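These notes concern the structure reproduced below.
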Amino acid sequence: MSIRTTFCVAAIALATGAQGAIELKSSTFGGLSARSIGPAVMSGRISAIDGVVSDDSPVTIYVGTASGGVWKSDDGGIVYKPIFDEHTQSIGAVRVDPNNAETVWVGTGESWVRNTVAPGDGVYRSTDGGSKWQYMGLKDSDHIAELLVHPENSDVVFVCALGHLWAEGGDRGVFRSQDGGQTWDNVLKIDDTTSCSDLAMTPDGGTLYAGMWYVQRYPDFFESGGETSGLYRSTDGGDTWEELTDGIPEGEKGRIAVTVASSEPERVYATIESENTALYRSDDGGDTWAEKDDSGNIQMRPFYFGELVVDPSDPDRVYKPGFSLTVSDDGGDSFSGMFGAGFSVSIHPDHHALWINPNNPQQLFLGTDGGVYVSENKGFNWRHVANLPVSQFYHVAVDSRWPYNVYGGLQDNGSWMGPSQAPGGIQNRHWQNIGFGDGFWSFPDPTDDRILYTEYQGGQLKRVDRETAEIKRIQPAAEEGQEKLRFNWNTPLHLSASKPGTIYYGAQYLFRSRDRGESWEAISPDLTTDDPAGQRQAESGGISVDNTTAENYTTIYSISESPLDHRTIWVGTDDGNVQLTRNSGRDWENLVGNIEGVPAGTWVSRVEASPHDKGTAFVTFDGHRRGDMKTYVFRTTDFGKTWTALASDDIEGYAWVIKQDPVNPELLFLGTERGLYISLDNGENWARFSQNLPKVAVHDLVVHPTEHDLVIGTHGRGVYVIDDITPLRGLTQDIIDANVAILPTRPAPMVLNAQLQTFGANDSFTANNPPQSATVVYFLKKRHLFGDLKVDIYDENDRLIATLPGGKRIGLNRVEWPMRFKAPKFPPATNLVPGFLGPRVPEGEYRAVLTKGKETLETSVQLVADPRTPHSKRDRVAQQTLALELYDMINDLTFLSDNLIEVRSQAMKHAEGADETLAQSLETYADELETLRTSLSSSKGGMISGEEQLRERLGTLYGNVTSYDGRPSTTQLSRRDTLGQELTDALEASESLLVSKLADVNAQLGEAGLDALRVLDRADWNEEEGMASFTTAVWQPGWAALLPQALWGIDRSSNH
Amino acid sequence: MKQTLLTVSALALAGSAAAADLDEVLSCNYETMGGIENIKAVESARMTGTMTMGPMQAPFTIEFKQPNSVRLEFEVQGMTAVQAYDGETGWAIMPFMGKTTPEEMADDQLKEIQEMAEWEGPLVDWQEKGHTVELIGTEDVEGTEAYALKVVRAGSEDEATYYLDTEYCLPFLSKGTRDIQGNSLAYSQTIGDYKEVGEIVMAHSMIASIGEGAAPMQQAITIETTELNVSDIDADRFAMPEVEEPAATTE
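First to last, the protein sequences are chains A and B. Reading the first sequence from the start, the letters are residues 0 to 1055 in numbering that gives the first Met the number 0. Reading the second sequence from the start, the letters are residues 0 to 250 in numbering that gives the first Met the number 0.
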């Protein structure tokens, strides 16, 4: 075989992933953890709230969210903790057992069934206040509107379930368990298309009311309302049900909300979607009903706002969460616009959940599309809970600044940008709004990141100046003769990787602009099926028309230009087409027929051109809007002629996004409705990445091209970052098979010291920065149990700089080295000085030695300057030099102090048994030693004595110099000289005590036959204290001849 | 010698992880640790090492004496802090703000140092001590199969779960909550680097996390030297000194 052939074979092997399968588990990723960067400032949609009151504790609040899991506060609503991270994050109902506050039920699957709602997978119960969860069945309930526990019997539980939203069937109607959730009976079922929309119970548990609702969703249309909807009642604990009709509108009805006034159980309220949607009231336990208010907020979007709550102390006060929160004080006859029709107070609109403190009905917890609000005066004033990071991103993008920013659009919360790290951590104030409405794709222009592209729903593309917030609307318009443009709710925007300024936007045609959106050309015919049967959005809604662009269909949904060839563009449509052009749009080919194993017409959730090979692309499909929850992932390597299915049984949830790592083509990242999955072998094997990343819908992924971070856009838990995926790129089967192996990491920037004063509070949200450390990463096959596991860091002169404890878990372990020398050793004293940290080590390469028991492995870590540094290399070296000089000066002072203490201690011991003259002489000598020592270090007690001796002066200067990476000030340099002189004086003073005077004392001791007093040896001391010395000479008693010129003068030719 | 020790205990439970009961798990644990008699033969111990908290490191010395006495010293900027317990009184000297006299610990701190004073850990003689120890099952913990033992110490309501690997029955993680002024604070401790010291096997590394979430407060303790049955640890090192005495050590 010729060399040439061999080379070709190897190249192909790499390109086609012939490295072989790499079997992995979630534990393979070990301690490689995702980092939440929030944001919590806009929060996200809240779907359910329940609370617990007691006489002697603060209110406990459980918050169920649309797609961010369940959160619990046990301190009255100050701190919220996520308690449901390992399960589906779409929550329909949360209910605390009224008989036992430790038992909490969660019905998964939100019931506010907008276009982007996600299904759940049944019912869960915790018996320990939410720490552990047990699955209790009803897998096909999909969406749960309500869950109630009998007030006197914890075993009796009712679930109000929608069942399949996008198909017929599922667990629909009212379910009852009489054995604490072990088994369920479908006690109220109408048919396979009628759901339970709400359930209410009288305070004694004797009577139940259920709203039954005909509802179905399709990709282009939804239908709320039909002949089978109705309001039902059971007076025998759910055994039998009767439809209530007296006073209830006849004919087709839609969503029904129902609630009982707990202070007057015969009083029942219901909102009923019908031709004239209105509030209805019964005063006789549901026998007869009277129509009440039908104002705007009562009638608004009944499918989305189906909640009704009565004040527990006042049967006439009824709250209607809706577009805004309105309230009636007259039993529903009229409703006041609490916010002046919802616009005058800018709390977030769209309200879905309300909990009223039964012990204090002034206190309300309100769940909106923008998080939780709390009122202490019945809803007149509101406080926003700004520490619930349940933000619902659709897409994320990054820029090339350092630190880089993350951009993204969110459900009902516009578009935002925020930093990946910030001084003191990323707080709400660091996030900047860059667009309104529902936000989707947003990007900075690659050549000028002051220019941002953002959009809102249904193809409303904008160009935003991020400095001035001025907006130019730049969406394409239909040209003469063209049919109306169809833009998806989540219209795809794509920026060319190779042609800055070129952007693509998808309607049914693919539009291209080469002038940042000033003008557009359609570069394709209609790429969708253009099937009129899929274009019913104008009639969407059923009884109440709801045409918001959310159901726009037969549209382009995903665009990807090959980073290697701008003429090759892949397009996916929501109605199942995968289109490719290889000549900038002149010719298009629909490739979907070549893909086997996915039902025709299945929504293409992502097309992704490979960054490695222009013939390679990935496609994900999402069939959930037709009731198909399977994961579909495919790859082609021949421009779409043939496709390989990549999904495996290890993946859960329908697919949203796939990304191929730009460095290692074998490394794939897949986001699904149930989390993030990683493959190391080009898609053969997958494992869920779960370290600090909940089982949340991952809608978008970006691998940062220079920082090598994976940025994860979740729909429900904000943005996460896996800092530095370099180790994943090196994870091969050989490494996984080894007992221990070291993996590469990115160069570590020595981040500038940021010193801003912030005082935190528990109710504010602060996201962590990445560790300000160099990282050593290794893989362990088994948990380390026996012997040392540590990392030693050596400099170029093989000097040991740091010893770090190592992680011990299976999989990847990250050890962080703060890139500093050991802190200087200070003399004993009574005051702290700003010298807790060692000086920074110089930039460059360091050797890291991993010791695991008897094995050692080596790697190197690269330290680089902060990319933002305003300091020249020369200035940084000047700072490091001075820092090290001061470091040695402090250690010299400490060595002196330790000598004074040591020799004094020896003298005092000898004095104990000595004759009077000798004892007197030794004590006098000891006093002189102590006098010198206390003249150098603070010795006064008291909390803040303010005493400053040489130790404190040196420590302060050291702290000031080491906290700034640039050139030391002239004052600091001259201060070094002043303190250097003081230290020289002290050392000289000690010379007379520790050399000449010591000799005299030792002569007396010798005469008395006693051992001589001995000074400490500097080399021994250095070793024992782990101190390095950086200056050309270090002080030791007896070195007077060298003083002062040889001390602390760093050899400036060395590479410090 | 360790090799033999470990092989024996590994054999003791090999293949029977699911079926093990508490007594089997504990006897396997005692055996790996060097045998119950050898563990109980340790009357005193002195360990030195390094505490690491982010970029800060501090040397420490910890001394134990049976029954139930402990003294921890650590040094920052030449100042030595002391925390000690003599079986009755918990006390501390925290000299960093100029206060060099000992102070008696509040109840919350006392609980922590009492636990520290139980040198051999709660699994040894748990019944005699009045602790509750319960095998709650076998769990996958970060990819490692582990026995989960629920531990409630005598006189406390704080629950902790100890995770012991199923091969050697060595604790590698404990998690729990501690009642602090009526509120519960979560903590965890990763335990490892087991080494033979004399006749017994001891952990030499502990990484403690306090609080919850992605980045709890972390402190790592690495033990570098260990002496057992040390003759020069006097009982009076654990008792709270008279306040008149100068207390901060300057060694």
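The beta-carbon is built from N, C-alpha and C at its ideal position, and this holds for glycine as well. For clarity, every value in this text was computed on a predicted model and none was experimentally measured.
Query: If the cut is a Cβ gap below 8 Å, which residues of chain B does Asn830 of chain A touch?; Result: Gly97
Query: Using a Cβ-Cβ distance cut-off of 7 Å, determine whether Phe825 of chain A contacts chain B.; Result: yes
Query: Could you tell me the boundaries of the alpha helix (DSSP H) in which Ile900 of chain A lies?; Result: Lys872 to Gly912
Query: Buried or exposed: Asn98 of chain A, going by 16 or more other Cβ atoms within 10 Å of its Cβ?; Result: exposed
Query: For the alpha helix (DSSP H) holding Pro320 of chain A, just list the boundary residues, first then last.; Result: Run containing Pro320 of chain A: none in the alpha helix (DSSP H); it sits in the beta strand (DSSP E), Val317 to Pro320.
Query: Here's the rule I'm using: 16 or more other beta-carbon atoms within 10 Å means buried, otherwise exposed. How should Gln690 of chain A be labelled?; Result: buried
Query: Just tell me which of A:Thr641, A:Tyr676 and A:Asp637 has its CA closest to the CA of Asp648 of chain A.; Result: A:Tyr676
Query: Identify every residue that forms a DSSP beta bridge with Trp602 of chain A.; Result: A:Asp621
Query: Buried or exposed for Leu324 of chain A, going by 16 or more other Cβ atoms inside 10 Å?; Result: buried
Query: Using a Cβ cut-off of 9 Å, pull out every chain A residue sitting near Ala219 of chain B, in sequence order please.; Result: Leu803 and Pro804
Query: Is the Cβ of Met239 of chain B closer than 7 Å to any Cβ of chain A?; Result: no
Query: Counting only beta-carbon atoms, is Gly179 of chain A nearer than 7 Å to chain B?; Result: no
Query: Over the uninterrupted beta strand (DSSP E) stretch that includes Ile470 of chain A, give me the two end residues.; Result: Ile470 to Arg472
Query: Report the residues of the region 154-169 of chain B with a CB closer than 7 Å to any CB of chain A, ordered along the chain.; Result: Asp164, Tyr167 and Leu169
Query: Keeping to the same chain, check which residues put their C-beta closer than 8 Å to that of Gly378 of chain A; ignore five residues upstream and five downstream.; Result: Tyr318, Leu324, Val326, Met337, Leu363 and Leu365
Query: Can you tell me whether Val242 of chain B is buried or exposed, with buried defined as 16 or more other CB within 10 angstroms of its CB?; Result: exposed
Query: Can you pull the chain B neighbours of His783 of chain A, defined as C-beta to C-beta under 8 Å?; Result: Gly191 and Asp192
Query: Which whole-angstrom value is the C-beta distance of Val351 of chain A and Trp111 of chain A, which I expect to be below 8 Å?; Result: The question names Val, but residue 351 of chain A is His in the sequence shown. 5 Å between Cβ atoms; contact.
Query: Determine the chain B residues that contact Ser944 of chain A at a beta-carbon separation under 7 Å, and present them in chain order.; Result: Gly97
Query: What number of angstroms, rounded off, separates the C-alpha of Ser335 of chain A from the C-alpha of Leu526 of chain A?; Result: 49 Å
Query: Just grab the DSSP bridge partners of Asp139 of chain B for me.; Result: B:Glu144
Query: Hey, is Phe1057 of chain A's beta-carbon within less than 7 Å of any beta-carbon in chain B?; Result: This structure does not reach residue 1057 of chain A, given that chain A is present from 0 up to 1055, and the question cannot be answered.
Query: Do three or more CB pairs link the region 709-721 of chain A to the region 823-842 of chain A at distances below 8 Å?; Result: no
Query: Along chain A, which residues have their Cβ under 8 Å away from the Cβ of Ser68 of chain B?; Result: Ordered by position in chain A, no residue passes the 8 Å Cβ test against Ser68 of chain B, which lies about 26 Å from the chain.
Query: Scan the region 100-129 of chain B for residues whose Cβ lies nearer than 7 Å to a Cβ of chain A and list them as they occur along the chain.; Result: none
Query: Can you name, in chain order, every residue of its own chain whose Cβ lies under 6 Å from the Cβ of Cys42 of chain B, other than the five neighbours on each side?; Result: Sequence inspection shows Glu at residue 42 of chain B; the Cys mentioned does not correspond to that position. Excluding positions up to five away in sequence, the list reads Gln65 and Asn228.
Query: Applying the criterion that 16 or more other CB atoms from any shown protein chain within 10 Å of the CB defines a buried residue, is Met818 of chain A buried or exposed?; Result: buried
Query: Can you check whether the C-beta of Ile809 of chain A is within less than 7 Å of a C-beta belonging to chain B?; Result: yes
Query: Using the C-alpha atoms, what's the distance from Thr160 of chain B back to Val24 of chain B?; Result: 14 Å
Query: Between the alpha carbons of Gly214 of chain A and Ile189 of chain A, how many angstroms are there, rounded?; Result: Note on identity: in this sequence residue 214 of chain A is Val, with Gly being the wrong assignment. Their Cα atoms are separated by approximately 12 Å.
Query: How about Gly86 of chain B and Gly940 of chain A: do their beta carbons lie closer than 7 Å?; Result: no
Query: May I ask you to list the residues that DSSP assigns as paired with Asp84 of chain A?; Result: According to DSSP, Asp84 of chain A bridges with nothing at all.
Query: Name, in chain order, the residues that DSSP records as bridge partners for Gln394 of chain A.; Result: For clarity, residue 394 of chain A is His in the given sequence; the question names Gln instead. According to DSSP, which records beta bridges pairwise, His394 of chain A is partnered with A:Gly408.
Query: Considering Ile35 of chain B, what are the terminal residues of the alpha helix (DSSP H) in which it resides?; Result: Ile35 to Lys39
Query: Where does the unbroken beta strand (DSSP E) through Met205 of chain B begin, and where does it stop?; Result: Ser204 to Ile209
Query: Under a CB-based cut-off of 7 Å, is Ser26 of chain A close to chain B?; Result: yes
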